[in-house]
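Take a look at the structure set out below.
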Amino acid sequence: MGDKTLNHFEFLITGEALNQIATTEHYVVPGDIILSKEMHAIISSSVAVKDVNPEAAALGFKLLVDLQDSTVLPPATSNPSNVRLSNDKQQILELFNEPSVVEKLIGFAGSWSRLTSSSHAMRSRVSRHDLCTIMFISIDSDKLNSADPQTNLDGLNDAFLSFYSPTKLFGGTLRQFLTDDKGTVAIVVFSGRESNTISACRCALRIQENFEDHVISSNIGIATGKVFFGPVGDERRCEMAWIGDSVNLAARLMGKAKVSPPLFTITRA
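For the sequence shown, the residue numbers in the numbering used here are 8 to 276.
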């Protein structure tokens, strides 16, 4: 989803499989691996399972215990270090990366791609602590709750364009856009200058205006403070992450906004 005028796209997965995960999560305790009814039906002959509890058993959920001895595991994936992308394919993939992140990677490491720059060199050059303002946005609408896949996709795209355009306008970076058991959430980061707190507030207000135009409800939490910024992962998979107390605080404020005024803002040194 996305738009050519914004020069950015996101690859989002949604559908029945995620709905199953959202349902089964309510019955998971630390250390458990729970299979949905549909998942178990497909692989029942290859796994050893047991019942979770009466309530979960009534829904067909099973606790994964082990694989059967006869189960054939798929071959390991090949090492991606030998992969080489042509310039035109790199340009296409660049549209799925945040422009501000690409600029930081090129500035610090000389390349945005881990295929042309070692993960160790990129991590050591880019990783640092930074003063950032974090914004969590909870998004909901009738389209997002529709059982029709196309209507659901249209709703997600409307929501994405409604918050991403202000994000670019006010210098923010989209950290994540996801749908899970907590609903549809966007995480936006503002960094690089002392005025990022004001930019975040202006962005939040503009997002609310855009959401109102598309009949989308939202709850927004904003917090600021020092966070760790850097690539997490290796050559097989790597993404930029922001980790810190202010990230967790913004998420909690977003949750509080559901029972309070629609916008919470807090500043931490």
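Cβ atoms here follow ideal geometry from the backbone N, Cα and C, with glycine treated the same way.
Note that the coordinates shown come from a computational prediction; the quantities given were computed from them, not determined experimentally.
Apart from the 5 residues on each side of it in sequence, R259 sits with its Cβ closer than 8 Å to the Cβ of G228 in its chain, given in chain order. For the set I146, R182, Q183, D155, the Cα lying nearest the Cα of D165 is the one of I146. Beta-bridge partners of F170 (DSSP): none assigned. No Cβ-Cβ contact shorter than 9 Å links C139 with V192.
Distance from the CA of M261 to the CA of I141, rounded to the nearest whole angstrom, comes to 11 Å.
With fewer than 16 other Cβ atoms from the protein chains shown falling within 10 Å of its own Cβ, T12 counts as exposed. DSSP lists I194 as the bridge partner or partners of Q183. Under a 10 Å Cβ-count criterion, N26 is classified as exposed, with fewer than 16 other Cβ atoms of the shown protein chains found around its own Cβ.
By the CB criterion at 9 Å, E246 and V239 fall inside the cutoff. Put simply, the backbone Cα of D10 is about 28 Å away from that of A257.
By the Cβ rule, the region 213-223 counts as touching the region 159-173, because three or more pairs are nearer than 8 Å. Of the other Cβ atoms in all chains shown, fewer than 16 fall within 10 Å of the Cβ of V222; this residue is therefore exposed. DSSP, reduced to helix, strand and coil, places K263 within a helical segment of the structure shown. For I40, the three-state secondary structure derived from DSSP is coil. Between the beta-carbon of F143 and that of I194 there is about 6 Å, and that keeps the pair under the 8 Å contact cut.
Proximity to F18 across I49, K69, S51, F184 peaks at F184, based on C-alpha coordinates.
When Q75, K57, D73 are compared, the shortest CA-CA separation from G67 is found for K57. With fewer than 16 other Cβ atoms inside 10 Å of its own Cβ, A24 counts as exposed.
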